[in-house]
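The sequence shown runs 1 to 175 under UniProt numbering.
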Amino acid sequence: MFDLINGIPVHPLVVHAVVVLLPLAVLGTIAIALRPRWRVTYGPLVVGAAAIATVLVPVATSSGEELEKRVGDPGEHAELGEQLLFFAIALLVLSAALVWLAWRASRATTATPDPTTGPTTGPTPGPTTLINVVAGLAVIAAVACAVQVYRVGDSGARAAWGDVPEPRAVSSITP
1 MFDLINGIPV HPLVVHAVVV LLPLAVLGTI AIALRPRWRV TYGPLVVGAA AIATVLVPVA
61 TSSGEELEKR VGDPGEHAEL GEQLLFFAIA LLVLSAALVW LAWRASRATT ATPDPTTGPT
121 TGPTPGPTTL INVVAGLAVI AAVACAVQVY RVGDSGARAA WGDVPEPRAV SSITP
């Protein structure tokens with residue numbers, strides 16, 4: 001199923017989606033962790049990018065296994081690619097938790113009093129400490145995910161291009 005599309009291997013096509021979306025989710029997670037005002041506004045976009053990337057990681061892995069049947073064992077690249085899913089899940093869960101906590105806190109602070117019954121007691125915001133801990137963990141997960149994306153990409157490039165000879169220098173001497 002994840003072998004070819006119009007004669008082109010699916011793996012490089014899906015991998016490019018992961019290589020774009022996952023680093024965007026990493027940068028977005030770091031941004032919303034460091035800028036609390038952005039959490040409610042931009043947080044859903046960050047979580048959406050992380051979710052799509054997380055769903056595509058197993059597709060990339062499966063299509064890589066199909067490509068492996070055609071071109072041979074990529075060595076360490078396959079193992080690192082399978083590990084990427086755990087990093088992506090951690091990023092997704094922590095960025096979603098951060099956005100949810102921020103949304104919950106913003107709802108609690110915007111609760112308006114009811115003139116007939118007095119002040120409304122909406123959902124109480126989570127302790128600031130909890131939000132800060134989740135933000136810190138989200139940054140750690142983002143950095144770890146970025147490192148793993150780099151490791152997977154580097155090993156994939158070495159598997160694909162490692163045995164390609166370097167081009168020879170062209171002589172500038174003309175007869």
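For every residue, glycine included, the Cβ atom is placed at its ideal position computed from N, Cα and C. Keep in mind that this is a model prediction, so the values were computed, not measured.
Asked                                                                                                                      : Found
Euclidean distance between Cα positions of Pro12 and Arg37                                                                 : 37 Å
Buried or exposed (CB count within 10 angstroms, at least 16 for buried), Val18                                            : buried
Per-residue DSSP class, three states only, for Pro36                                                                       : coil
Helix, strand or coil at Pro74 [DSSP, three-state]                                                                         : coil
Residues that Ile52 bridges to, as DSSP identifies them                                                                    : BP columns for Ile52 are empty, so no partner.
Counted within 10 angstroms of its Cβ, other Cβ atoms place Thr124 as buried (16 or more) or exposed                       : For Thr124, the pLDDT reaches just 48, beneath the cut-off of 50, and the residue's location in the model is therefore unreliable, although a value from the coordinates is still provided. Its Cβ having fewer than 16 others within 10 Å, Thr124 is exposed.
Exposure label - Ile32; buried when at least 16 CB within 10 Å                                                             : buried
Where Gly156 falls, given that 16 or more other Cβ within 10 Å makes a residue buried                                      : buried
Residue(s) in a DSSP beta bridge with Pro9                                                                                 : Leu4
For Tyr42 and Leu91, the rounded distance between their alpha carbons                                                      : 16 Å
Cut-off 6 Å between Cβ atoms - residues of its own chain near Val152, not counting five sequence neighbours on either side : Leu80, Gly81, Leu84
Rounded separation between Ala154 and Arg107 - CA only                                                                     : The question names Ala, but residue 154 is Asp in the sequence shown. Cα to Cα, the separation comes out at about 44 Å.
Gly156 - containing alpha helix (DSSP H), residue span                                                                     : 128 to 161
Cutoff 6 Å; reference Ala52; Cβ partners in own chain excluding five residues on either side                               : As written in the sequence, residue 52 is Ile, which differs from the Ala given in the question. Cβ neighbours of Ile52 beyond the five flanking positions: Leu21.
Close Cβ partners of Thr29 (< 8 Å) along its chain, the five nearest in sequence each way excluded                         : Val46, Ala50, Leu91, Leu94, Ser95, Leu98, Ala138, Val139, Ala141, Ala142
Beta-carbon proximity list for Ser63, same chain, < 6 Å, skipping 5 on both sides                                          : Phe2, Val10, His11, Val14
Burial state of Ile131, where buried means 16 or more other Cβ atoms lie within 10 Å                                       : buried
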